[in-house]
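Q: Have a look at the structure that comes next, please.
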Amino acid sequence: MPSGEANHWETALAIPDIEGFLRSLVERIPPGRVTTFRALAEALGDPGAARFVGQWLVRPENQSLPVHRVVHASGDVGRLAFGTWEEKAARLQAEGVRVVGHKVDPLPRYFFWDFPTQRPLEALRKEQERLATQVRLSPLPAWETVAGVDVAYRDGEAVAAYVLADRQGEPLDFVTAEVEVKFPYIPTYLSWREIPAYLAVLEKARQAGLEADVLLVDGNGILHPKRIGVASHLGVLIGRPTVGVAKRRLCGEVNTTGMVVGEWRPVVLEGETVGAALRTGRNQTIFISPGHLADLPSSLELVTQLVREHPLPEPLRWAHEVAGEAVQAKGT
DNA sequence: GCGACAG
DNA sequence: ATCTTGTCGC
Numbered sequence: 005m006p007s008g009e010a011n012h013w014e015t016a017l018a019i020p021d022i023e024g025f026l027r028s029l030v031e032r033i034p035p036g037r038v039t040t041f042r043a044l045a046e047a048l049g050d051p052g053a054a055r056f057v058g059q060w061l062v063r064p065e066n067q068s069l070p071v072h073r074v075v076h077a078s079g080d081v082g083r084l085a086f087g088t089w090e091e092k093a094a095r096l097q098a099e100g101v102r103v104v105g106h107k108v109d110p111l112p113r114y115f116f117w118d119f120p121t122q123r124p125l126e127a128l129r130k131e132q133e134r135l136a137t138q139v140r141l142s143p144l145p146a147w148e149t150v151a152g153v154d155v156a157y158r159d160g161e162a163v164a165a166y167v168l169a170d171r172q173g174e175p176l177d178f179v180t181a182e183v184e185v186k187f188p189y190i191p192t193y194l195s196w197r198e199i200p201a202y203l204a205v206l207e208k209a210r211q212a213g214l215e216a217d218v219l220l221v222d223g224n225g226i227l228h229p230k231r232i233g234v235a236s237h238l239g240v241l242i243g244r245p246t247v248g249v250a251k252r253r254l255c256g257e258v259n260t261t262g263m264v265v266g267e268w269r270p271v272v273l274e275g276e277t278v279g280a281a282l283r284t285g286r287n288q289t290i291f292i293s294p295g296h297l298a299d300l301p302s303s304l305e306l307v308t309q310l311v312r313e314h315p316l317p318e319p320l321r322w323a324h325e326v327a328g329e330a331v332q333a334k335g336t
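If you want it as structure tokens, here you go:
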């Protein structure tokens with residue numbers, strides 16, 4: 005049961021109801037008209053959310069919505085989540101939409117775009133730009149303890165794990181916390197999905213006297229289009245040093261060909277080095293970036309010191325393990 | 001065929 | 001991230 009207890013770090017993270025907003029958009033599409041995944045994403049405030057729109061529209065619980073009125077930008081009707089393209093075309097034709105071959109024809113004649121102009125993701129982007137000015141890049145302070153944090157999901161719940169470790173990466177103690185998931189995964193907006201769980205588990209760690217000198221976060225720091233990935237965002241909110249470690253590349257350019265274990269190369273975004281790709285295994289690369297109150301050299305030093313025989317630095321590997329165990333235990 | 005965007 | 005069958009590695 006998610007606890008509603010007050011958090012020590014005032015939750016300065018307003019979470020918009022993106023899914024409810026998307027539902028209202030889809031409900032607005034009139035019979036005899038169509039819109040596109042892209043147009044819905046733009047109405048949400050970011051064309052980059054198109055894939056999220058597609059994933060959301062095929063969920064079983066959303067099939068009572070007029071999902072057949074959402075087509076590809078090419079005019080291709082696509083197909084229904086639980087049906088064929090012929091069925092989707094037939095539904096559109098029954099509403100007066102002309103379909104030739106697999107396509108709505110001509111698309112502009114039927115295209116519906118008169119959506120509300122709130123664009124919630126645009127507001128989040130502005131918030132990111134504001135917060136990015138508060139990120140401080142400086143060498144990490146001398147540290148004795150480090151904590152790794154990660155989140156696992158199951159049903160509508162998120163379980164965050166916080167594992168405290170020493171300079172050798174040996175686990176000292178851990179806590180977990182469970183919160184309700186209130187925001188979907190949309191690339192570059194991960195903070196709004198995961199930070200509520202992080203704040204909850206950090207509060208537990210604080211109350212248990214397990215505060216660490218540095219926080220390792222599963223995700224990026226400034227390796228982000230607006231230089232404010234979840235590690236930086238969290239660091240600014242709690243005013244503590246954070247370092248981001250991701251298992252895959254979000255953005256930026258890096259050539260990883262021919263890297264040897266232990267080697268790292270800069271990840272460059274818009275001409276700026278925002279992180280490093282570090283080879284931690286024969287076929288494993290992780291992406292390190294400063295979060296807050298950290299810089300790239302000290303972040304790399306910290307992470308390389310904590311990497312043992314696994315791809316991830318020990319505290320994160322343990323946090324991942326603990327979160328996974330905790331989320332499994334919920335169902336058993 | 002292109003592009004491929006953390007969790 | 002999660003779901004989930006079968007599976008061999010640049």
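Position 146 of the first sequence, counting from 1, maps to 150 under the numbering used here, and the rest follow consecutively.
Note that beta-carbon positions come from the ideal geometry of N, C-alpha and C, so glycine has one too.
To which residues does DSSP link Asp154 through a beta bridge?
A: According to DSSP, which records beta bridges pairwise, Asp154 is partnered with Ala165.
Q: Pairing CB atoms from the stretch 189 to 198 with CB atoms from the stretch 208 to 220, are three or more of them under 8 Å?
A: Because the criterion of three Cβ pairs below 8 Å is not met, the stretch 189 to 198 and the stretch 208 to 220 do not touch.
Q: With Val234 and Gly256 assumed to form a contact (beta carbons below 8 Å), what rounded beta-carbon distance in angstroms separates them?
A: Rounded, the Cβ-Cβ distance is 16 Å, inconsistent with contact.
Q: Got a sec? Which residues, its chain only, sit under 6 Å from Leu141 by beta carbon, not counting five neighbours each side?
A: Taken in chain order, the residues that qualify are Pro294 and Asp299.
Q: Does the distance from the C-beta atom of Thr149 to that of Ala165 stay below 9 Å?
A: Cβ atoms of Thr149 and Ala165: not closer than 9 Å.
Q: What runs of the beta strand (DSSP E), each 3 residues or longer, lie entirely inside the stretch 5 to 60?
A: Whole beta strand (DSSP E) segments, 3+ residues: zero.
Q: When you compare the CB positions of Val278 and Leu144, do they come within less than 9 Å of one another, or not?
A: For Val278 and Leu144, no; Cβs fall outside 9 Å.
Q: Taking 6 Å as the limit between beta carbons, can you name the residues of its chain near Pro20, skipping five residues before and five after?
A: If we look at Pro20 and ignore the five residues flanking it on each side, its Cβ neighbours are Pro124.
Q: Is DSSP giving Leu203 helix, strand or coil here?
A: Note: Leu203 maps to helix in three-state DSSP.
Q: Leaving aside the five residues before and after Ala146 along the sequence, list all residues of the same chain whose C-beta is less than 6 Å from its C-beta, in chain order.
A: The answer is none, since no qualifying residue turns up.
Q: Where does Thr388 sit, in a helix, a strand or coil, going by DSSP?
A: Residue 388 lies beyond the range of the chain shown here (5 to 336); nothing can be said about it.
Q: Assuming Leu84 and Trp60 make a contact with CB atoms under 8 Å, what is their CB distance in whole Å?
A: Wrong, their Cβ atoms sit about 14 Å apart, outside the cutoff.
Q: So, using beta-carbon positions, are Leu29 and Pro120 closer together than 9 Å?
A: A contact, by the Cβ cut-off of 9 Å.
Q: With burial defined as no fewer than 16 other Cβ atoms inside 10 Å of the residue's Cβ, what is the status of Trp117: buried or exposed?
A: Under this definition Trp117 is an exposed residue.
Q: Answer yes or no: do Pro64 and Phe41 have a C-beta to C-beta separation smaller than 9 Å?
A: Contact flag unset, no.
Q: Hey, could you find the ends of the alpha helix (DSSP H) Val307 is sitting in?
A: Looking at the DSSP string, the run of the alpha helix (DSSP H) that includes Val307 is Leu300 to Leu310.
Q: Among residues of its own chain, excluding the 5 on either side of Pro319, which ones have a beta-carbon nearer than 7 Å to its beta-carbon?
A: Cβ within range, chain order: Val150, Ala151, Gly152, Val167, Ala169, Gly173, Leu220 and Leu310.
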